[in-house]
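Per the numbering used here, residue 29 is the first one in the sequence shown, and the count goes up by one each step.
Glycine included, every Cβ here is placed at the ideal spot set by N, Cα and C.
None of the values given here were measured: they were computed from a predicted structure.
Notes follow the structure.
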Amino acid sequence: MAGAQKRIKHIPERTCIVCQQKRPKWELIRIVRTPQGSVEIDSRGKKAGRGAYLCKLRDCWETGLTKKRLEHALKTEIIAEQRAELLEYSKKLPTVREHVEYS
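Spelled out as structure tokens, the structure:
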């Protein structure tokens, strides 16, 4: 097979709703508003419902929750209990992005 080219695999990208950086989907965390109306972390990115993506950085999460960007993106109000859960999750995240080189 002369001249056969190696096929480049498509990498799905999403945009963080806070910093507006476009990144591979697997580098972001999806938050979903389920059809039942609850707001949850969708670690597999497969749950049904309206989704929004945040970086794996504490700063993006805190801004998204305090400035209501997440509520705007999900088109719903986040109740105090759900907000507390999301903030608790964000405390486990780093505050600074580590430099990652893509090829």
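Using a threshold of 8 Å, state whether the C-beta atoms of R97 and T123 are closer than that.
No, Cβ-Cβ distance for R97 and T123 is not below 8 Å.
Report yes if the CB atom of W89 is closer than 8 Å to the CB atom of L56, and no otherwise.
For W89 and L56, no; Cβs fall outside 8 Å.
Going by DSSP in three states, R86 sits in which element: helix, strand or coil?
Of the three classes helix, strand and coil, the one that applies to R86 here is helix, per DSSP.
Considering only the alpha carbon of each residue, which of Y117, S118, L93, K119 lies closest to I107?
Answer by Cα proximity: L93.
In whole angstroms, give me the CA-to-CA distance for Y117 and G79.
Between Y117 and G79, the C-alpha separation is close to 17 Å.
Can you tell me whether G92 is helix, strand or coil according to DSSP?
Three-state result, G92: helix.
Along the chain, where does the alpha helix (DSSP H) containing L56 start, and where does it finish?
Counting along the chain, L56 falls outside any alpha helix (DSSP H), though it belongs to the beta strand (DSSP E) covering 56-61.
Return the bridge partner residues of A80 from the DSSP annotation.
BP columns for A80 point to I59.
Which residues in the same chain have their Cβ closer than 6 Å to the Cβ of T62, if we skip the five residues on either side of it in sequence?
Answer for T62: G77, listed in chain order.
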